[in-house]
Amino acid sequence: MNDDGQNEITALLCSRQGFGTGQPPDETISTHISTVLLLGEHALKLKRPVRLPYLDLSSPQRRLELCERELELNRRTAPHLYRRVHRITREPDGRLALNGSGPLVDAVLEMRRFDGALLFDRLAAAGQLTAAQIEALANAIAAFHRSAPVATDPDGAARLRHVLDVNARAFAAAHLLPPGAVAEADAACRAALLRHADLLDRRARDGRVRRVHGDLHLRNICLIGGEPTLFDCLEFDEELATTDLLYDLAFVLMDLWHRGAHDLANVLFNRYLDATGDEAGIVLLPLFMAVRAAVRAHVTASAAAADEAGPQTCAEARAYLDLCRDLLRETPASLTAIGGYSGSGKSTVAAEIAPSLGVAPGARVVSSDRFRKRQFGATPQTRLPADAYASEVSARVYAELGRTAELVLAGGHAVVADAVFDRPADRDHFAGIAAAAGVAFRGIWLDAPETVLVERVKARRGDPSDATAAVVAQQLARGGAATDWTVIRADADAGSVAAAVKAALAEVARRRG
-1 MNDDGQNEIT ALLCSRQGFG TGQPPDETIS THISTVLLLG EHALKLKRPV RLPYLDLSSP
59 QRRLELCERE LELNRRTAPH LYRRVHRITR EPDGRLALNG SGPLVDAVLE MRRFDGALLF
119 DRLAAAGQLT AAQIEALANA IAAFHRSAPV ATDPDGAARL RHVLDVNARA FAAAHLLPPG
179 AVAEADAACR AALLRHADLL DRRARDGRVR RVHGDLHLRN ICLIGGEPTL FDCLEFDEEL
239 ATTDLLYDLA FVLMDLWHRG AHDLANVLFN RYLDATGDEA GIVLLPLFMA VRAAVRAHVT
299 ASAAAADEAG PQTCAEARAY LDLCRDLLRE TPASLTAIGG YSGSGKSTVA AEIAPSLGVA
359 PGARVVSSDR FRKRQFGATP QTRLPADAYA SEVSARVYAE LGRTAELVLA GGHAVVADAV
419 FDRPADRDHF AGIAAAAGVA FRGIWLDAPE TVLVERVKAR RGDPSDATAA VVAQQLARGG
479 AATDWTVIRA DADAGSVAAA VKAALAEVAR RRG
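Each residue of the sequence shown is one higher than the last, beginning at -1 in this note's numbering.
This is the structure:
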């Protein structure tokens, strides 16, 4: 279809017989495969009549089929955004019509327009993306993944190998990135794939390969009614969109990491695992994130090669390629335990230090408060009854923390354990876990006066901890401060305490080095 044909369709969509009043669109958004017209309350998406190595949109029937498939798939996560598909027909009098009786000319997907300022990529660029929004996103992705259709074949490694082959062909066609750097990144990805092939296949057999979103980066997530909403999934390639659940998650993790939002990437990583318990697969995340970075590298390079962008886009493509290689560099795992009485700031410190520990996206934080709630099938903010804190329940919680730490360390990731740790047996147990895994152990005890502890627990709102002033008093009366660990004064502001902990960890590492 030529420009005149595209202009004729746009005129129909903007007319009173279409969706407007005869005025041009408020805004037009174009990509290499689609055009979106923002018109009043509508967002109208047209497929461009192109034929690419991985996608054929050259016929009206094919564009109609993919519009219908896009509608079907995106209603899984955004039914309030995706309305219907309209046929554009050529009537006997020669005019175009919506859903007429004449031959099919094109198709348009009708969506409800939303505020573009609430796209997650724009929120991130403006520094307005919050940890609370990321926590909500983690829960939304986990819920979507639980309901996604399971693949019927056992191919895990073969699917990822196919992605690497597609990447290699795309890099060869782009011609903009240094061949040596491309070859190094490809070799690193393929070596990691070879190491993890058995696990990838096992996860496929276990139902961890599903028909997921497939294109889950920040630009395809928006806030609708205050809730993160996933939209614009990959509709044109079932093979690429049927993949490991953690590979789907890895796209948004990589996007956040690339933007320097390491803290938010770590929050997403931890809250997703809290919701799914999929620690057995996290050894794959550096590889999955690296492959996602490679995908963005060749897509960005292709855009630059097609004169759709300038030198800045070339630099961004190279940055993605560098990130791909960086993500696959080995970093030693470690086990850091953060202890202290309730109100000492353990969870705040754990969240502050986790992004900088181990391989991307940082350390797995195993929190006694969150694990206790999960054992009772409760949300983190749900208050549990007193018997949920009986000694035998606490023993089960610490045991689960330990088992999870062992699993994560075996996968090469760092762990931060966040619990009171006022019993020597618990402290010894976690030191033993580190020794058995052959990784460094660092114990930190946060110390603060009773008045500060009580003031903090009284001020909590919507926190996973159920501790009260009475609980603080009981802990102090029982004693058990970990004086054999590194003791950090915790009565300052959160930033200062976290900085002191980071400095202490760095000093321990220096002495051991």
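By construction, the Cβ of each residue, glycine as well, lies at the ideal position given by its N, Cα and C atoms.
Out of G409, S365, S494, which has the shortest C-alpha to C-alpha gap to A331? Counting from 1 along the sequence shown, the entry for residue 331 is found at position 333. Cα-wise, what sits closest to A331 is G409.
So what's L228 in DSSP terms, helix, strand or just coil? On the sequence shown, position 230 is the one that residue 228 refers to. L228 falls in the strand class under three-state DSSP.
Among all the DSSP beta bridges, which residues are the ones paired with Y339? For this step, residue 339 is matched to residue 341 along the sequence shown. None, per the DSSP bridge assignment.
Tell me whether the beta-carbon of V406 lies closer than 8 Å to the beta-carbon of E225. If you number the sequence shown from 1, residue 406 lands on position 408. If you number the sequence shown from 1, residue 225 lands on position 227. No, the Cβ-Cβ distance between V406 and E225 is not below 8 Å.
L382 - DSSP class collapsed to helix/strand/coil: Taking the sequence shown and counting its residues from 1, the one referred to as residue 382 is at position 384. L382: coil per DSSP, three-state reduction.
Let me check one thing: in DSSP terms, what residues is C220 bridge-paired to? Position 222 of the sequence shown, counting from 1, holds the residue named residue 220. Looking at the DSSP assignment, C220 forms a beta bridge with L117, T227.
Could you check the C-alpha separation between I486 and F419 for me, to the nearest Å? Within the sequence shown, numbered from 1, the residue matching residue 486 stands at position 488. Within the sequence shown, numbered from 1, the residue matching residue 419 stands at position 421. Each residue's Cα considered, the two are about 15 Å apart.
Nearest neighbour of A183, chosen from Y387, D489, L53, L285 [CA to CA]: For this step, residue 183 is matched to residue 185 along the sequence shown. Closest by alpha carbon: L285.
Classification of L228 by the beta-carbon crowding that lies within 10 angstroms, buried from 16 upward: Numbered from its first residue, the sequence shown carries residue 228 at position 230. Buried, because 16 or more other Cβ atoms sit within 10 Å of the Cβ of L228.
Any idea which residues DSSP pairs V364 with across the strands? The sequence position of residue 364 within the sequence shown is 366, counting from 1. Answer is A415, bridged to V364.
CB-CB under 6 Å to A348, same chain, minus the five flanking residues each way: which ones, in chain order? By 1-based counting over the sequence shown, the position of residue 348 is 350. Closer than 6 Å at Cβ, skipping near neighbours: I336, V363, V414, D416.
Applying the 10 Å Cβ sphere with the 16-neighbour rule, what's the burial state of P447? As a working mapping, residue 447 is identified with position 449 in the sequence shown. Per the 10 Å Cβ criterion, exposed.
Give me the Cα-Cα distance between V148 and R209, rounded to the nearest whole angstrom. Here residue 148 corresponds to residue number 150 of the sequence shown, with the count starting at 1. Here residue 209 corresponds to residue number 211 of the sequence shown, with the count starting at 1. Roughly 7 Å separates the two Cα atoms.
Under the DSSP definition of a beta bridge, which residues are partnered with G441? Stepping through the sequence shown from its first residue, residue 441 is reached at position 443. Beta-bridge pairing links G441 to A335.
If you follow the alpha helix (DSSP H) that I351 is part of, which residue opens it and which one closes it? By one-based count along the sequence shown, residue 351 stands at place 353. It spans 344 to 351 - the alpha helix (DSSP H) in which I351 sits, taken as one unbroken run.
Check whether the segment 442 to 462 and the segment 388 to 398 touch, using three or more Cβ-Cβ pairs below 8 Å as the test. no
Output yes or no for whether 8 Å exceeds the beta carbon distance between L36 and E25. Within the sequence shown, the letter at position 38 stands for residue 36. Within the sequence shown, the letter at position 27 stands for residue 25. Taking C-beta atoms as the reference points, L36 and E25 count as a pair closer than 8 Å.
I need the DSSP call for P359, collapsed to helix, strand or coil. The residue you call residue 359 lines up with position 361 of the sequence shown. Correct three-state label for P359: coil.
Rounded to whole angstroms, what is the Cα-Cα separation between L243 and A475? Here the question's residue 243 lines up with position 245 in the sequence shown. Here the question's residue 475 lines up with position 477 in the sequence shown. In a straight line, the C-alpha of L243 is about 46 Å away from that of A475.
Hey, how far is the Cα of A504 from the Cα of W483? Translated into the one-based positions of the sequence shown, residue 504 becomes position 506. Translated into the one-based positions of the sequence shown, residue 483 becomes position 485. Each residue's Cα considered, the two are about 15 Å apart.
Excluding the five sequence neighbours on either side, which residues of its own chain have a C-beta within less than 6 Å of the C-beta of A412, listed in chain order? Taking the first residue of the sequence shown as position 1, residue 412 is located at position 414. A331, S332, L355, G356, A361, listed in sequence order.
Cβ neighbour criterion (16 or more within 10 Å) applied to T19: Your numbering for residue 19 matches position 21 in the sequence shown. T19 counts as exposed, since fewer than 16 other C-beta atoms from the protein chains shown sit within 10 angstroms of its C-beta.
Which two residues bound the contiguous alpha helix (DSSP H) that contains E398? For this step, residue 398 is matched to residue 400 along the sequence shown. Element bounds for E398: 389 to 408.
Cβ pair count under 8 Å reaching 3, the segment 256 to 271 against the segment 234 to 241: no
Given A467, which residues of its chain have a CB within under 8 Å of its CB, disregarding the five upstream and five downstream residues? If you number the sequence shown from 1, residue 467 lands on position 469. Cβ neighbours of A467 beyond the five flanking positions: V452, V455, K456.
By a C-beta neighbour count over all protein chains shown, 10 Å radius and 16 as the cutoff for buried, is G125 buried or exposed? One-based indexing of the sequence shown puts residue 125 at position 127. Classification for G125: exposed.
Pull up the CB-CB distance for K344 and L444, whole angstroms please, since I reckon it's below 8 Å. By one-based count along the sequence shown, residue 344 stands at place 346. By one-based count along the sequence shown, residue 444 stands at place 446. So it is a contact: roughly 6 Å between Cβ atoms.
The alpha helix (DSSP H) spanning I431 covers which residue range? For this step, residue 431 is matched to residue 433 along the sequence shown. Counting along the chain, I431 sits inside the alpha helix (DSSP H) bounded by residues 422 to 435.
Segment limits, beta strand (DSSP E) that includes E25: Looking up residue 25 in the sequence shown gives position 27. It spans 25 to 28 - the beta strand (DSSP E) in which E25 sits, taken as one unbroken run.
Give every residue of the same chain whose Cβ lies closer than 6 Å to the Cβ of N5, excluding the five residues on either side of it in the sequence, and list them in chain order. Counting from 1 along the sequence shown, the entry for residue 5 is found at position 7. There are no such residues.
Given E350, which residues of its chain have a CB within under 6 Å of its CB, disregarding the five upstream and five downstream residues? Sequence index remark: in the sequence shown, residue 350 carries index 352 (1-based). Closer than 6 Å at Cβ, skipping near neighbours: A496.
Nearest CA to the CA of R257: which residue from H30, D119, G154? Indexing the sequence shown from 1 puts residue 257 at position 259. With distances taken between Cα atoms, R257 lies closest to D119.
Excluding sequence positions up to five away, which residues of its chain have a Cβ less than 7 Å from the Cβ of A195? Here residue 195 refers to the residue found at position 197 of the sequence shown. For A195, where only same-chain residues beyond five positions count, the Cβ hits under 7 Å are A155.
Where do the N-terminal and C-terminal ends of the beta strand (DSSP E) with L42 fall, by residue? Along the sequence shown, one-based indexing puts residue 42 at 44. Element bounds for L42: 40 to 45.
Terminal residues of the alpha helix (DSSP H) in which S145 lies: For the purposes of this step, residue 145 is taken as the residue at position 147 of the sequence shown. Start and end: 129 to 145.
Taking the Cβ atom as the reference point for each residue, do R110 and L79 lie within a distance shorter than 8 Å? Start at 1 with the first residue of the sequence shown, and residue 110 comes out as number 112. Start at 1 with the first residue of the sequence shown, and residue 79 comes out as number 81. Against a cut-off of 8 Å, the Cβ pair of L79 and R110 comes out as a contact.
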